[in-house]
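>
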Amino acid sequence: MLDELRPLPDSPAPRPGDTVRLHPGALAAGPGPYTVADIDMGLGGLLELNLSTDEPGYWDWATYVEAADVRTVTRYGADGPRTWTLTTP
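At position 75 of the sequence shown the residue is numbered 61 (our numbering), and the sequence of numbers has no breaks.
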């Protein structure tokens, strides 16, 4: 099986497809919600965020944040959505 087709291990760290909200003041655009589009390991694991799909022009907008900027993560799975507070060292 191709690696990109293998399911990701369940982890509290944000991953592509998760919805995140940021700590107040972390981003001038506001706390979110944002969708994690990618994790750029070449930039030290920065999260690439897109606006949620209900925002006008969301495909044109993206930004990078550090995991420490994330307040909550919501992941949708077979059992429904789960939300937790992200704690970073």
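Even for Gly, the Cβ is constructed at its ideal location relative to N, Cα and C.
Using beta-carbon positions only, say whether S38 and G18 come within less than 9 Å of one another.
yes
> For D24, which three-state DSSP category applies?
Reduced to three states, the DSSP call for D24 is strand.
> Once you ignore the five residues that flank P67 on each side, which residues in its own chain have a CB closer than 6 Å to its CB?
T60
> Out of Y50, G16, A64, T71, point me to the one whose CA is closest to A31's CA.
Ala is not the amino acid found at residue 31; the sequence shown has Gly there. When only C-alpha atoms are compared, the closest one is Y50.
> Can you find the residues in the same chain that come closer than 6 Å, C-beta to C-beta, to T71, ignoring five residues on each side of it along the sequence?
Take T71, set aside five residues on each side of it, and the residues of its chain with a beta-carbon closer than 6 Å to its own are T58, in chain order.
> Counting along the chain, where does the beta strand (DSSP E) carrying L32 start and finish?
32 to 37
> I'd like the span of the beta strand (DSSP E) that includes A48, first residue to last.
48 to 51
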